[in-house]
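So the protein sequences, as listed, match chains A and B. Here my numbering = 1-based position in the first sequence + 1. Here my numbering = 1-based position in the second sequence + 1. We put the CB at the ideal spot given by N, CA and C, even for glycine.
Number of protein chains: 2
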Amino acid sequence: MGLFSKDIETMDDLFVHTLRDIYYAEKRILKALPKMIDKASHPSLKNAFTTHLAETETHVIRLEEVFRMHGADAKTVTCPAIDGIIDEAEEISSEVADQEVLDAALAAAAQAVEHYEMTRYGTLVAWAKRLGRADCARVLEKTLAEEKAADQALTELAEAKLNIRAAE
Amino acid sequence: MGLFSKDIETMDDLFVHTLRDIYYAEKRILKALPKMIDKASHPSLKNAFTTHLAETETHVIRLEEVFRMHGADAKTVTCPAIDGIIDEAEEISSEVADQEVLDAALAAAAQAVEHYEMTRYGTLVAWAKRLGRADCARVLEKTLAEEKAADQALTELAEAKLNIRAAE
Numbered sequence: 002m003g004l005f006s007k008d009i010e011t012m013d014d015l016f017v018h019t020l021r022d023i024y025y026a027e028k029r030i031l032k033a034l035p036k037m038i039d040k041a042s043h044p045s046l047k048n049a050f051t052t053h054l055a056e057t058e059t060h061v062i063r064l065e066e067v068f069r070m071h072g073a074d075a076k077t078v079t080c081p082a083i084d085g086i087i088d089e090a091e092e093i094s095s096e097v098a099d100q101e102v103l104d105a106a107l108a109a110a111a112q113a114v115e116h117y118e119m120t121r122y123g124t125l126v127a128w129a130k131r132l133g134r135a136d137c138a139r140v141l142e143k144t145l146a147e148e149k150a151a152d153q154a155l156t157e158l159a160e161a162k163l164n165i166r167a168a169e
Numbered sequence: 002m003g004l005f006s007k008d009i010e011t012m013d014d015l016f017v018h019t020l021r022d023i024y025y026a027e028k029r030i031l032k033a034l035p036k037m038i039d040k041a042s043h044p045s046l047k048n049a050f051t052t053h054l055a056e057t058e059t060h061v062i063r064l065e066e067v068f069r070m071h072g073a074d075a076k077t078v079t080c081p082a083i084d085g086i087i088d089e090a091e092e093i094s095s096e097v098a099d100q101e102v103l104d105a106a107l108a109a110a111a112q113a114v115e116h117y118e119m120t121r122y123g124t125l126v127a128w129a130k131r132l133g134r135a136d137c138a139r140v141l142e143k144t145l146a147e148e149k150a151a152d153q154a155l156t157e158l159a160e161a162k163l164n165i166r167a168a169e
């Protein structure tokens, strides 16, 4: 979509634009997660990120399925939101000296990523249904459920383990 | 905090850094909301944004209260995440030609902002409790509850009105 060119005229255009935004975001997350796995020290946090890396690969494939179902090209549009969220995650990781504190910071940074995805997929599911694309909505809902579960798992891990070690 | 200078050594440092991050974010949102109010056309959406502007003013005051309670300077640190989320909101607003579609896009953009705040305040509440600052946690929880309610109100408005008009 051209910047400031008013290319979005219909709800369908907006739906496709937002699919391309989250497609870019998922691909950016695919590149960021291996670095987060390297930086994490608690085995449960490394595992959580590794599981989510595999899920993210599936999310990319599901988006390509939705593009195909909807007859739109699987293209990306730059998503300044995810760029900012991941830049912030990388910045904070570089500023933390203590490994236990770093784990708490990494979990929080990953939850900011999850929350961005949750809001975008939530919106896409609602728009797909409104556009009469219950088939696309069903595929997007699977990813939404996984993003919510990943966020919840990080909350539980942080509260049961990471934050306790970090504050000792 | 100096970039890449490993200034964060303890959980307390991380808590204060994240307070400063969301303090920056709230101030950036204070500047963005009046533009979103101008661009919105549905009266219910204008009202929702206007209500949230007043709430955001309270959130800034509450953060200053938490800084004071915790004995830390009320300073900001640049938050690339909120910069990216708001840049994206402004970019999409400029690309949508149709007013009804723009309302749906604005509501979704505002929900991305809410979700960032929800994840940060959720983390801050957990960290405050772990640091023995139940007093700070109670103040931060008030804001968290308002962010969740604002997000829920936008979901209901989008599904009951905005998305229907946009897809017609």
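- Residue 78/B carries a coil assignment under DSSP once its states are collapsed to helix, strand and coil.
- Using a Cβ-Cβ cut-off of 8 Å, residue 7/B is close to 95, 96, 97 and 98 of chain A, given in chain order.
- Taken residue by residue, none of the stretch 25–44 of chain B has a beta-carbon sitting less than 8 Å from a beta-carbon on chain A.
- When Cβ-Cβ separations below 8 Å define contact, residue 48/B makes no contact with chain A.
- Of all residues in the stretch 110–121 of chain B, those with a C-beta nearer than 8 Å to a C-beta of chain A are 112, 113, 115, 116, 117, 119, 120 and 121, reading in chain order.
- Nearest neighbour of residue 105/B by Cα position, chosen from 7/A, 12/A and 6/A, turns out to be 12/A.
- Segment contact: the stretch 13–31 of chain B against the stretch 83–91 of chain B, three or more CB-CB distances shorter than 8 Å; contact assigned.
- Within the stretch 57–116 of chain B, complete alpha helix (DSSP H) segments of at least 4 residues are found at 81–96, given in chain order.
- One finds 12, 15 and 128 in chain B with Cβ atoms closer than 8 Å to the Cβ of residue 105/A, taken in chain order.
- C-alpha of residue 53/A to C-alpha of residue 151/A: approximately 7 Å in a straight line.
- For residue 74/B, the nearest beta carbon of chain A is not closer than 8 Å to its own beta carbon.
- By the neighbour-count criterion, in which 16 or more other beta carbons inside 10 Å mark a residue as buried, residue 148/B falls on the buried side.
- The continuous alpha helix (DSSP H) containing residue 26/A extends over residues 12–40.
- Where residue 158/A is concerned, the enclosing alpha helix (DSSP H) starts and stops at 135–158.
- A residue is called buried when at least 16 other Cβ atoms come within 10 angstroms of its Cβ; residue 101/A meets this threshold and is buried.
- The beta carbon of residue 131/B sits closer than 8 Å to some beta carbon of chain A.
- In the DSSP assignment, residue 165/A falls within the alpha helix (DSSP H) that extends over 164–168.
- Residues of the same chain with a CB within less than 7 Å of the CB of residue 108/B, apart from the 5 flanking positions on each side, are 46, 155, 158, 159 and 163 in chain order.
- Within chain A, no residue has its beta carbon less than 7 Å from that of residue 67/B; the closest one is some 17 Å off.
- For residue 136/A, no chain B residue has a Cβ inside 7 Å of its Cβ, as the nearest lies near 16 Å away.
- Within 10 angstroms of the beta-carbon of residue 69/A lie fewer than 16 other beta-carbons, which makes it exposed.
- Straight-line spacing of the CA atoms in residue 97/A and residue 7/B works out to 5 Å.
- By the criterion of at least three beta-carbon pairs nearer than 8 Å, the stretch 112–126 of chain A is in contact with the stretch 112–121 of chain B.
- The Cβ atoms of residue 125/A and residue 141/A lie closer than 8 Å to each other.
- Contact note: residue 102/B reaches chain A through 9, 10, 11, 12, 14 and 15, using a C-beta cutoff of 9 Å and chain order.
- The beta carbon of residue 144/B sits no closer than 8 Å to any beta carbon of chain A.
- Flagged as an interface residue toward chain A: residue 167/B, by a C-beta distance shorter than 8 Å.
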